[in-house]
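Which chain is which? The protein sequence lines are A and B, in order. Heads up, the first sequence is in our numbering, so the first residue is 28 and it goes up one at a time. Heads up, the second sequence is in our numbering, so the first residue is 28 and it goes up one at a time. Quick reminder that beta carbons are idealized off the backbone N, C-alpha and C, glycines included. Accompanying notes for the structure given below.
2 protein chains.
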Amino acid sequence: MKTIASELFKEFREHSVSEFFRRNAAMLGYTGKIRSLTTVIHEGVTNSIDAAEESGVLPNIFVAIKRANDSPEHFKAVIEDNASGIPEEYIPDVFGKMLAGTKLHRHMQQRGQQGIGISGGVMFAQMTSGKPARVTTSVGNGEIVQAEVMIDVDKNEGKILDKEKSNGDWRGTRVELEVKDVTYIRSRYGPFNYLRMTAIANPHAQIGFVEPDGTLTVFERATDKVPERPKSMPIHPWGIMSDDLLVLAKHTKSRTIAGFLVAELSRVTKGKVEEIRKLSGVDMNKRPSGLTWEDAEKIVSTFKQIKFMAPPTEGLRQIGAADIESGMRQILKPEFVCASTRPPKVYRGGLPFIVEAGVAFGGSAGKSVEGEAEGEGAETGGLDLIRFANRAPLIFDQGGCAITAAVRSIDWRRYGVDIATAPVTLFVNVVSAYVPYTSAGKQSIADEPEVFAEIRSAIMDVARELRHYLYRKIRTKEKQQRAGIFEQYLPVIARKAAHLAGTEVPDVGKLIEKVAGVKVGGGKETPEEG
Amino acid sequence: MKTIASELFKEFREHSVSEFFRRNAAMLGYTGKIRSLTTVIHEGVTNSIDAAEESGVLPNIFVAIKRANDSPEHFKAVIEDNASGIPEEYIPDVFGKMLAGTKLHRHMQQRGQQGIGISGGVMFAQMTSGKPARVTTSVGNGEIVQAEVMIDVDKNEGKILDKEKSNGDWRGTRVELEVKDVTYIRSRYGPFNYLRMTAIANPHAQIGFVEPDGTLTVFERATDKVPERPKSMPIHPWGIMSDDLLVLAKHTKSRTIAGFLVAELSRVTKGKVEEIRKLSGVDMNKRPSGLTWEDAEKIVSTFKQIKFMAPPTEGLRQIGAADIESGMRQILKPEFVCASTRPPKVYRGGLPFIVEAGVAFGGSAGKSVEGEAEGEGAETGGLDLIRFANRAPLIFDQGGCAITAAVRSIDWRRYGVDIATAPVTLFVNVVSAYVPYTSAGKQSIADEPEVFAEIRSAIMDVARELRHYLYRKIRTKEKQQRAGIFEQYLPVIARKAAHLAGTEVPDVGKLIEKVAGVKVGGGKETPEEG
Chain A
28 MKTIASELFK EFREHSVSEF FRRNAAMLGY TGKIRSLTTV IHEGVTNSID
78 AAEESGVLPN IFVAIKRAND SPEHFKAVIE DNASGIPEEY IPDVFGKMLA
128 GTKLHRHMQQ RGQQGIGISG GVMFAQMTSG KPARVTTSVG NGEIVQAEVM
178 IDVDKNEGKI LDKEKSNGDW RGTRVELEVK DVTYIRSRYG PFNYLRMTAI
228 ANPHAQIGFV EPDGTLTVFE RATDKVPERP KSMPIHPWGI MSDDLLVLAK
278 HTKSRTIAGF LVAELSRVTK GKVEEIRKLS GVDMNKRPSG LTWEDAEKIV
328 STFKQIKFMA PPTEGLRQIG AADIESGMRQ ILKPEFVCAS TRPPKVYRGG
378 LPFIVEAGVA FGGSAGKSVE GEAEGEGAET GGLDLIRFAN RAPLIFDQGG
428 CAITAAVRSI DWRRYGVDIA TAPVTLFVNV VSAYVPYTSA GKQSIADEPE
478 VFAEIRSAIM DVARELRHYL YRKIRTKEKQ QRAGIFEQYL PVIARKAAHL
528 AGTEVPDVGK LIEKVAGVKV GGGKETPEEG
Chain B
28 MKTIASELFK EFREHSVSEF FRRNAAMLGY TGKIRSLTTV IHEGVTNSID
78 AAEESGVLPN IFVAIKRAND SPEHFKAVIE DNASGIPEEY IPDVFGKMLA
128 GTKLHRHMQQ RGQQGIGISG GVMFAQMTSG KPARVTTSVG NGEIVQAEVM
178 IDVDKNEGKI LDKEKSNGDW RGTRVELEVK DVTYIRSRYG PFNYLRMTAI
228 ANPHAQIGFV EPDGTLTVFE RATDKVPERP KSMPIHPWGI MSDDLLVLAK
278 HTKSRTIAGF LVAELSRVTK GKVEEIRKLS GVDMNKRPSG LTWEDAEKIV
328 STFKQIKFMA PPTEGLRQIG AADIESGMRQ ILKPEFVCAS TRPPKVYRGG
378 LPFIVEAGVA FGGSAGKSVE GEAEGEGAET GGLDLIRFAN RAPLIFDQGG
428 CAITAAVRSI DWRRYGVDIA TAPVTLFVNV VSAYVPYTSA GKQSIADEPE
478 VFAEIRSAIM DVARELRHYL YRKIRTKEKQ QRAGIFEQYL PVIARKAAHL
528 AGTEVPDVGK LIEKVAGVKV GGGKETPEEG
């Protein structure tokens, strides 16, 4: 029987995830000529630093943006690292298959997570220039593989167009992407500032950058300490939903629900399993595959009635106050710098996080990088807020970010800072395996009350230190001015007085020293430390 | 040889698109307790109205939100329509497979497009309640199919848990989704307002709605005219990129590039193909599969040098001023209503669109629906802006929308409207097969200059009419007041004067009539129309 439906459903089709993101490239950050280029660099650098850390080496990153021809909107972007390299057989999937990667199933604090990033870059390149990605990689076995990779959008698969092998003693990966319809400028939202921010938050990384006009900038590393490898962190019972528990149960290797809960969640001991069994009535000896939704709901609601130890935080990898200070000192050459790393806290009951803040005054601190982002207006002078999540810079969508809100909530005059003019750079890094991003663009942090409060406290920690410094600075300046006045006039007065009195000119040096510490206009002064 | 890479790449995995959206449900609009419930309703209603239009019937939509148990955050959402129904074999894909649908490959003005919507709803239901979607459907062949569908997240496939068939003379589809962790309130951002807005923009639809407390509201249809079916609209050469051309070439049935260009693009004739051949040097007799990137770039750059007829606009389906007025009158019962549909325009050289605006004053126009959205603050009283794209309400992310910007850019005092207090509802609908959304959430329209200008013009068209009405209204009121004064006092004066003069009381009726049109305090007045 012919129905309207049978007519309409002739058109029924299925799309690949690559085709979806080809149509919705803006969802991956490819929106606007400046931002699109920054996103390409971001994806490459993120992968490189993650891979270097996982390989236990100090990252040496090299980035170049070259003009591809005479067009002002056509470039080649090169990102090279010294990390593990990529085994030959994985090249098509790493660069040409979306939702594939080494980081998907692990609860680990890393920059990349979805397995979309670099294949998104390859997609953007081929969409705009028609050119494949050129990948050069070696796992350090003496063999260097060079391949050209494109994405077969219909199948979400990487296609190798060309492959060559050579011998050489090198390990690492180099990706070259040719992109069109993008603009290079040294704006706050451009690649230069992105890399500068990355260097500050990753003082163990050395980042070399060649701009299209050939200018080479090297952001030197400020520490030779290799950060500890990030550690997989099981979810804490307080932070889990029934659906998550079922998904975990499906993929576990444990043979009983009891074993599964102990293995896959943090702070669940055999003793706790017994408590859970009593309260929930769920049979803990069933196979995890036999866990029903009702079981999961009972277990999750039981979790809330049981006391667990707070979630472990040893998997969190903060930068540390000393390294933040080194990083800011290295890049900004400020007069004053100070950083603070807060102790770990949790939000939503079970998700651990750490907030760190740093402040730099003078030197090239403050809003020095000029230029406009598309639609965001020019900004020059005054407090420069640089935001990070797990050391990766957040440069877009700052309006909706909890870090921006925290900065605005502070009365900066109390700290002696005029945020409109002061040469101050404020650094904030939020560290977690579960950063609460507001959207998939991962450019701003959601307003979770516990996270907001910690960000605010961290900023106030460093703002207080800055206030001390600024007060000292003012006092020293006043002192110098006073000393200047006495130095200038006292010898003259002494000379004239001696001349009048007909005596010898006395030595006023000691006197100057003595009075220089006293306020000219009278009154009292607190003793100076400096 | 064992390398670091071989160790790291042991963890390499691939994810399904369902798993991706399970982790990133916020990307599909599932964020916040109020918005999540509205999104569920939106996805169901969108599909229902699209399907009714494609089937050529007047939509009868029934929506119910019922408490699933005693919890204030646990509901059943029901959406039922009288459209084509779904053939049995497509049920798993329609409800359980993301990126699959009947609308993906067509350049057609429709509400849904990605094939994610309703499967996203099914996913959200199973994530929060663990329950399958209950689907009841019939294509009108006398057989009614009832099925329970879940998504196999690992495979991105629909699973039928249970299926029953019965006989009955009914056509349509009913979906029942059980959702948890959501809130029902009659807020601006809740389902009630969403359906009210949908009813205004779809005056041919009848929408019945039962709220959790049992209240039934019927938004009656205001017209019995079935809208024309949307028409597939080929892309105009001015609006295409090289990559798009290659994708089209890959899927075309034409045998030569010449034939392909004529068949797949609008306004390309055989004569134009000859011009393209001469200017680009590309062989037009090659098979489309032989089209290279270089060919595509040459052809696309040639397009810009050739005169084409403006893109066809007959595929655009505006609501029309008369129906907007009926819709607003039906739902808002205003004192005054007026609408304007602008002629078709194009943006980015080749993408046709139409803007329509309507304004209603008095009755239940203005910000009548109170309540707060998560984080957006309460709003009551004053101008209520209701935004639409292809008749689908846009209720979130209004801050970044070109429609909001256009409203703000207007000096409303010039139109006699105090936007803070006036009981005014302003309606704007942007119609296009390519609505320039700012993000995949499809809740706000990007600031394309041509689109912005048209929105502004449409609003000013109706604002002028509103000004005339308001002026007339003020004049009439003043006149009535004046008439009132004379009516009240003139007879008294006449009586007293007659008494003093000892004459008979004169008939002042005619005098009142005469002076009522004259300003009390002296001066001149322009003649009244009303």
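Buried versus exposed call for residue i [16 or more other C-beta atoms within 10 Å across all chains shown]
i	result
A:Ser214	buried
B:Leu493	buried
A:Pro533	exposed
B:Asp569	For chain B, the structure presents residues 28 to 557; residue 569 of chain B sits outside this window and is missing.
B:Thr448	exposed
B:Thr503	exposed
B:His591	The structure shown does not extend to residue 591 of chain B, since chain B is modelled only from 28 to 557, so the question has no answer here.
B:His42	buried
B:Leu188	exposed
B:Phe47	buried
B:Glu540	exposed
B:Asp108	buried
B:Asn194	exposed
B:Tyr221	buried
B:Glu80	buried
A:Lys190	exposed
B:Asp310	exposed
A:Pro86	buried
A:His69	buried
A:Thr163	buried
When the options are compared against residue i, the one with the closest alpha-carbon
i	options	result
B:Thr73	B:Val245, B:Leu292, B:Phe236 and B:Pro420	B:Pro420
A:Asp389	A:Arg414, A:Ile358, A:Ser367 and A:Pro371	It is worth fixing the name first, because residue 389 of chain A is Gly in this sequence and not Asp. That would be A:Ile358, whose Cα lies nearest to the Cα of A:Gly389.
B:Tyr461	B:Glu116, B:Arg356, B:Ser353 and B:His263	B:His263
B:Gly342	B:Ala348, B:Pro371 and B:Ile351	B:Pro371
A:Val327	A:Glu302, A:Glu70 and A:Pro339	A:Glu302
B:Val180	A:Val206, A:Thr279, A:Pro361 and A:Asp270	A:Asp270
A:Leu601	A:Thr296, A:Glu531, A:Ala521 and A:Glu116	Residue 601 of chain A is absent from the structure shown; chain A starts at 28 and stops at 557.
A:Ala480	A:Ile430, A:Cys365 and A:Arg62	A:Ile430
B:Asp97	B:Met336, B:Thr329, B:Glu475 and B:Asp208	B:Asp208
A:Ala473	A:Lys93, A:Ala416 and A:Ala160	A:Ala416
A:Gly564	A:His495, A:Arg94, A:Met336 and A:Gly112	The displayed coordinates of chain A run from 28 to 557. Any statement about residue 564 of chain A would go beyond what the structure contains.
A:Trp197	A:Lys186, A:Glu170 and A:Glu203	A:Glu170
Per-residue DSSP class, three states only, for residue i
i	result
B:Glu555	Any reading at B:Glu555 must be qualified, since the residue scores a pLDDT of 41, below 50, and its modelled position is unreliable; the value itself is stated next. B:Glu555: coil per DSSP, three-state reduction.
B:Glu46	helix
B:Glu191	strand
B:Thr329	helix
B:Tyr216	coil
A:Lys207	strand
B:Ile303	helix
A:Gly128	strand
B:Asn74	helix
B:Gly199	strand
B:Asp271	helix
B:Ser471	coil
**Item:** Cβ contact check for the region 140–160 of chain B and the region 69–84 of chain B: 3 or more pairs under 8 angstroms
**Value:** Under the Cβ criterion (8 angstroms, minimum of three pairs), the region 140–160 of chain B counts as touching the region 69–84 of chain B.
**Message:** Under 9 angstroms, CB to CB, which of the residues in the region 117–128 of chain B have a partner in chain A?
**Reply:** Answer set for the region 117–128 of chain B: Tyr117, Asp120, Val121, Lys124, Met125, Leu126, Ala127 and Gly128.
**Message:** Any C-beta of chain B within less than 9 angstroms: which residues of the region 318–345 of chain A qualify?
**Reply:** Taken in chain order, the members of the region 318–345 of chain A whose beta-carbon sits within less than 9 angstroms of a beta-carbon on chain B are Thr319, Trp320, Glu321, Ala323 and Glu324.
**Request:** Check whether the region 238–245 of chain A touches the region 253–263 of chain A, taking contact to mean three or more Cβ pairs, one atom from each stretch, closer than 8 angstroms.
**Result:** In short, these stretches do not touch, since the Cβ pair count stays below three.
**Request:** Closer than 9 angstroms, Cβ to Cβ, to anything on chain B: give me those residues from the region 72–83 of chain A, in chain order.
**Result:** From the region 72–83 of chain A, only Ala78, Glu81, Ser82 and Gly83 have a Cβ closer than 9 angstroms to chain B.
**Request:** Please confirm if the region 161–181 of chain B is in contact with the region 119–131 of chain B, defined as three or more CB-CB distances below 8 angstroms between the two stretches.
**Result:** Contact between the region 161–181 of chain B and the region 119–131 of chain B is present: three or more C-beta pairs spanning the two stretches fall below 8 angstroms.
**Item:** Near-chain B residues of the region 42–62 of chain A - C-beta to any C-beta below 9 angstroms
**Value:** Only His42, Ser43, Val44, Glu46, Phe47, Arg49, Arg50, Asn51, Ala53, Met54 and Thr58 from the region 42–62 of chain A bring a Cβ to less than 9 angstroms from some Cβ of chain B.
**Prompt:** Is the region 157–168 of chain A close to the region 55–63 of chain A, with three or more CB pairs under 8 angstroms?
**Reply:** No, the region 157–168 of chain A does not touch the region 55–63 of chain A.
**Request:** Please confirm if the region 280–294 of chain A is in contact with the region 306–320 of chain A, defined as three or more CB-CB distances below 8 angstroms between the two stretches.
**Result:** With the cut-off at 8 angstroms, the region 280–294 of chain A and the region 306–320 of chain A touch.
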